[in-house]
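Trainee: Going by the numbering used here, the first residue of the sequence shown is number 1, and it counts up by one from there. The structure under discussion is supplied below as structure tokens; questions concerning it will follow.
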Amino acid sequence: MARIAVIPGDGVGKEVTREAVKALRALEAHGGPALDIVEWPHGADRYLETGQSITDAEFADLESNYQAILLGALGDPRVPGNEHARQILLGMRFRLDLYINFRPVRLYHERLTPLKGKTERDIDFVIFRENTEGVYVGMGGTFKQGTPDEVAIQEDVNTRTGVERIIRAAFDHAKANGLERVTMSDKANAMESAGGLWRRVFKQVSAEYPEIQTEALYVDMLAMDLVRRPERYQVIVAGNLFGDILSDLGAGIAGGLGLTASANIHPGRVSMFEPVHGSAPDIAGQDRANPFAAVLTSALMLRHLGHREAGDRLENAVRACILAGETTAELGGTLGTAAAGDAIVARLENS
Ligand SMILES: NC(=O)c1ccc[n+]([C@@H]2O[C@H](COP(=O)([O-])OP(=O)(O)OC[C@H]3O[C@@H](n4cnc5c(N)ncnc54)[C@H](O)[C@@H]3O)[C@@H](O)[C@H]2O)c1
Numbered sequence: 001m002a003r004i005a006v007i008p009g010d011g012v013g014k015e016v017t018r019e020a021v022k023a024l025r026a027l028e029a030h031g032g033p034a035l036d037i038v039e040w041p042h043g044a045d046r047y048l049e050t051g052q053s054i055t056d057a058e059f060a061d062l063e064s065n066y067q068a069i070l071l072g073a074l075g076d077p078r079v080p081g082n083e084h085a086r087q088i089l090l091g092m093r094f095r096l097d098l099y100i101n102f103r104p105v106r107l108y109h110e111r112l113t114p115l116k117g118k119t120e121r122d123i124d125f126v127i128f129r130e131n132t133e134g135v136y137v138g139m140g141g142t143f144k145q146g147t148p149d150e151v152a153i154q155e156d157v158n159t160r161t162g163v164e165r166i167i168r169a170a171f172d173h174a175k176a177n178g179l180e181r182v183t184m185s186d187k188a189n190a191m192e193s194a195g196g197l198w199r200r201v202f203k204q205v206s207a208e209y210p211e212i213q214t215e216a217l218y219v220d221m222l223a224m225d226l227v228r229r230p231e232r233y234q235v236i237v238a239g240n241l242f243g244d245i246l247s248d249l250g251a252g253i254a255g256g257l258g259l260t261a262s263a264n265i266h267p268g269r270v271s272m273f274e275p276v277h278g279s280a281p282d283i284a285g286q287d288r289a290n291p292f293a294a295v296l297t298s299a300l301m302l303r304h305l306g307h308r309e310a311g312d313r314l315e316n317a318v319r320a321c322i323l324a325g326e327t328t329a330e331l332g333g334t335l336g337t338a339a340a341g342d343a344i345v346a347r348l349e350n351s
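Okay, here's the thing in structure tokens:
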């Protein structure tokens, strides 16, 4: 039985995670997989009480004794600089070496996209964002800070190992899911060193997947085309910065933060699953947060754990609720967080 650490975290993270766990339990009661769910108290309250975000021993425990982590959101105005959130989120990403940031972009109803004339058939692709390198490693510094001569340098780190493993993950996903094309995105015309490495490795890895079409597009071109012709894309792979931006473009054209799920994966090791939205202090505690992103995130987790059919049932329950208008207010419905979770459970009981 898979062991899962559930970290509700802060703000609406606690509310949406409650609904996600409710859905997982309902699934379990109706033919779905049994899960060993352990709730972890990590978040701002614990940090403010004890001064601890997450310890080395707890990281070791996650690595050795769990298959997945389901996280709500971290962020609290009472913690200066959100130190606890940084330590937990970046700690997991780098220490657990979660090199794949996987973001599905799928439209469930045409009324949810701002793109004119696009339907559910047109918006359905996945993004593989490199999650451990690039400009986000924090290498660099400033010189003569605060003076008119100030210099700021932020290094963009790309290793062959890092580039190769994320590109391979994108191809493996395409192959496993019968998809035809993988698009690699970079800025090789302006960033020649990094882009050159990405293009060489992309070409080399693609030779192992002769049945899959490939293309390399500059990220600015791709951003424009995703808005004009999203139907062209199936699998996109990019570095940390460009993948981050493209992922949010994807969220924007497929229903927004209330529906956007993500996975942070290292195949064969403990991996972390989280809705993309934050702790939303502006609506926390008001039963207004949309739990669907957390439920869709749980579906990603189930599939990752090998329970593909159970993951599909969760996603279908969300889709059915959206089609029936059983949603929270930001998607046009009248339900609160808990009632939207109940609507999912009702669908699961009949699926
Ligand atoms: N991965 C994470 O845990 C994560 C991600 C982003 C932000 N944060 C943290 O969350 C806090 C708030 O950040 P923010 O306001 O920039 O981003 P946010 O995602 O929390 O909120 C942005 C806007 O979207 C709305 N929103 C968010 N989730 C929603 C949901 N499930 N249903 C309906 N509406 C929703 C909010 O009300 C707000 O108006 C900050 O402390 C930030 O650091 C955490």
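Glycine included, each C-beta is placed from N, C-alpha and C at the ideal position.
When we look at the beta-carbon of SER262 and count the other beta-carbons within 10 Å, is it buried (16 or more) or exposed?
Mentor: Classification of SER262: buried, given that the 10 Å Cβ count is 16 or more.
Trainee: In angstroms with no decimal places, state the Cα-to-Cα distance between LEU74 and PRO210.
Mentor: Roughly 42 Å between the two C-alpha positions.
Trainee: What distance in whole Å lies between the Cβ atoms of VAL227 and GLU115, which are believed to be in contact at a cut-off of 8 Å?
Mentor: The sequence shown places Leu at residue 115, not Glu. Sure, about 7 Å apart at Cβ, within 8 Å.
Trainee: Near ALA280, which residues of its chain fall below 7 Å by C-beta distance, leaving aside the five closest residues on each side in sequence?
Mentor: Within the same chain, ALA280 has close Cβ partners GLY11, VAL12 and ALA289.
Trainee: Kindly confirm or deny that the segment 249-260 and the segment 139-152 touch, where touching means at least three C-beta pairs closer than 8 Å.
Mentor: Flag = no, the segment 249-260 and the segment 139-152 do not touch.
Trainee: Is it buried or exposed, GLN67, if we count other Cβ atoms within 10 angstroms and call 16 or more buried?
Mentor: The residue is buried, with at least 16 neighbouring Cβ atoms inside 10 Å.
Trainee: Sorry if obvious, but does the Cβ on VAL318 come closer than 7 Å to a heavy atom of ligand 1?
Mentor: Not so, every heavy atom of ligand 1 lies at least 7 Å from the Cβ.
Trainee: Look at LEU27 and ILE4 and say whether their C-beta atoms are less than 8 Å apart.
Mentor: No, they are not a contact pair.
Trainee: Looking only at its own chain, which residues have a Cβ that is under 6 Å from the Cβ of PRO8, when we skip the five neighbours before and after it?
Mentor: Cβ within range, chain order: LYS14, THR17 and GLY72.
Trainee: Shorter than 7 Å, the distance from the beta carbon of GLU217 to the closest heavy atom of ligand 1, or not?
Mentor: Strictly speaking, residue 217 in this sequence is Leu, with Glu absent from that position. Flag unset: Cβ of LEU217 not near ligand 1.
Trainee: On a Cα-Cα basis, can you pick out the residue from ALA324, THR297 and GLU349 that is closest to ALA20?
Mentor: Looking at the Cα atoms, THR297 is the closest of the given residues.
Trainee: Could you say which of GLY268, LEU70 and GLU120 lies nearest to ARG319 if we only look at CA atoms?
Mentor: Answer by Cα proximity: GLU120.
Trainee: From GLY243 to ILE54, what does the alpha carbon distance come to, in whole angstroms?
Mentor: For GLY243 and ILE54, the distance between alpha carbons rounds to 27 Å.
Trainee: The alpha helix (DSSP H) spanning ASN177 covers which residue range?
Mentor: No alpha helix (DSSP H) holds ASN177; DSSP gives it neither H nor E.
Trainee: Quick check on this structure: which residue in ARG129, ASN177, ASP56 and GLY278 has the alpha carbon closest to the alpha carbon of GLY162?
Mentor: Here the closest residue by C-alpha is ARG129.
Trainee: In its own chain, which residues sit with a C-beta less than 6 Å from the C-beta of ALA2, not counting the 5 before and 5 after it?
Mentor: Around ALA2: LEU35, GLN67 and LEU305.
Trainee: Using DSSP's beta-bridge definition, name the partner residues of VAL6.
Mentor: Bridge partners of VAL6: GLU39 and LEU70.
Trainee: Just verifying my parser: in three-state terms, what is the DSSP assignment at ARG95?
Mentor: Reduced to three states, the DSSP call for ARG95 is helix.
Trainee: What is the residue span of the alpha helix (DSSP H) that GLY268 lies within?
Mentor: That residue, GLY268, is in no alpha helix (DSSP H); it is neither H nor E in DSSP.
Trainee: Could you have a look at ASP220 and say whether DSSP puts it in helix, strand or coil?
Mentor: Helix.
Trainee: At a threshold of 7 Å, does THR328 count as lining ligand 1 (C-beta to nearest heavy atom)?
Mentor: It does: the Cβ of THR328 is within 7 Å (strictly closer) of some heavy atom of ligand 1.
Trainee: Determine the contact status of GLY32 and ARG347, defining contact as a CB-CB distance below 8 Å.
Mentor: Their beta carbons are not under 8 Å apart, which means GLY32 does not touch ARG347 by this criterion.
Trainee: With distances taken Cα to Cα, identify the nearest neighbour of GLY252 among GLU110, ALA324 and LEU217.
Mentor: Comparing Cα positions, the closest option is GLU110.
Trainee: Taking the alpha carbon of PRO267 as the reference point, which residue from GLY91, GLY43, MET92 and ASP97 has its own alpha carbon closest?
Mentor: Among GLY91, GLY43, MET92 and ASP97, the Cα nearest to that of PRO267 is on ASP97.
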